[in-house]
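Below is one structure, written out as structure tokens; the observations come after it.
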Amino acid sequence: MAVWLKIVTFAIRAAQLICAVVIVGVAGQYIADPIPDKKGDLGHLSRFIFAIVFGTLSAIFAIIWLIPFSSNHMNWKFDGVLALPLAAAGGWLVYCSVDICGKVAISDVSEAAEPLGGGDNGELIDPGTSVCTKWKVLYVFSLAAAALWMISAMIGFFWVKKHFVKPKAPKAPRRR
Numbered sequence: 001m002a003v004w005l006k007i008v009t010f011a012i013r014a015a016q017l018i019c020a021v022v023i024v025g026v027a028g029q030y031i032a033d034p035i036p037d038k039k040g041d042l043g044h045l046s047r048f049i050f051a052i053v054f055g056t057l058s059a060i061f062a063i064i065w066l067i068p069f070s071s072n073h074m075n076w077k078f079d080g081v082l083a084l085p086l087a088a089a090g091g092w093l094v095y096c097s098v099d100i101c102g103k104v105a106i107s108d109v110s111e112a113a114e115p116l117g118g119g120d121n122g123e124l125i126d127p128g129t130s131v132c133t134k135w136k137v138l139y140v141f142s143l144a145a146a147a148l149w150m151i152s153a154m155i156g157f158f159w160v161k162k163h164f165v166k167p168k169a170p171k172a173p174r175r176r
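Those letters in the sequence shown? Residues 1 to 176, per UniProt numbering, in order.
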């Protein structure tokens, strides 16, 4: 395997780990300290539980596959499968946040990065952050994690395709 591919794979796995930790941290903080909306309703917490479950799986497999072996590329199918529920979690969060927070915009990406690391007591997100900002952080990082898992699946697919060529059947001898 080329050295540059190992470096790229390591960087992608590290980014997957960072996204997964942010997903688990923000969703866990929301579940532990829920903030009711204007109607006093917390909404269904199932979307956050879904995000935590697949964020945790993403973190576990990113840690395991941070160890650089060429066999990591053999797991490209699992990378692609893990991208699907992370994208679904992001989509579910977008769908549920439209009523309260408004339409999704490209500026949500920059807004999602602002509150990170703002807590004085070591919190992931500043305690004064609004519900909408927390949701933006969740769906931006869920969709980013899904994209990273899909990219690693494509790298693995092309690596396997290049390095494992099926042997051709031997030709039968010609008769005279």
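Glycine included, every Cβ here is placed at the ideal spot set by N, Cα and C. Predicted model only: the values in this text are computed from it and were never measured.
Helix, strand or coil for residue i? Go by DSSP, reduced to three states.
{"i": "W149", "result": "helix"}
{"i": "R175", "result": "coil"}
{"i": "I106", "result": "coil"}
{"i": "S97", "result": "helix"}
{"i": "A2", "result": "coil"}
{"i": "S142", "result": "helix"}
{"i": "I18", "result": "helix"}
{"i": "I31", "result": "helix"}
{"i": "P85", "result": "helix"}
{"i": "I67", "result": "coil"}
Out of the options, which one is the CA nearest neighbour of residue i?
{"i": "V21", "options": "D33, V160 and V137", "result": "V137"}
{"i": "T56", "options": "V94, Q16 and T9", "result": "Q16"}
{"i": "N75", "options": "S46, S152 and A172", "result": "S152"}
{"i": "V81", "options": "R47, A147 and S110", "result": "A147"}
{"i": "Q52", "options": "A27, F78 and P170", "result": "In the sequence under discussion, the amino acid at residue 52 is Ile, which differs from the Gln named in the question. I52 has its Cα closest to that of A27, out of A27, F78 and P170."}
{"i": "S97", "options": "L86, W4 and W135", "result": "W135"}
{"i": "F50", "options": "A62, G91, I18 and W65", "result": "G91"}
{"i": "F78", "options": "V3, K161 and G156", "result": "G156"}
{"i": "W65", "options": "K161, M154, T9 and V140", "result": "T9"}
{"i": "R13", "options": "M154, V160, I67 and D108", "result": "I67"}
{"i": "S58", "options": "I31, V109, S110 and A145", "result": "A145"}
In terms of residue numbering, what span does the alpha helix (DSSP H) encompassing residue i cover?
{"i": "residue 181", "result": "This structure gives no information on residue 181, because the portion of the chain shown stretches from 1 to 176."}
Could you tell me how far apart the beta carbons of residue i and residue j are, in whole angstroms, since I believe they sit closer than 8 angstroms?
{"i": "S142", "j": "A89", "result": "5 angstroms"}
{"i": "R47", "j": "L84", "result": "Contact flag wrong, Cβ pair sits at about 16 angstroms."}
{"i": "L86", "j": "F61", "result": "That pair is no contact at about 11 angstroms."}
{"i": "I106", "j": "C132", "result": "No, I106 and C132 are not in contact; Cβ-Cβ is about 16 angstroms, not under 8 angstroms."}
{"i": "V109", "j": "V140", "result": "6 angstroms"}
{"i": "L45", "j": "I31", "result": "6 angstroms"}
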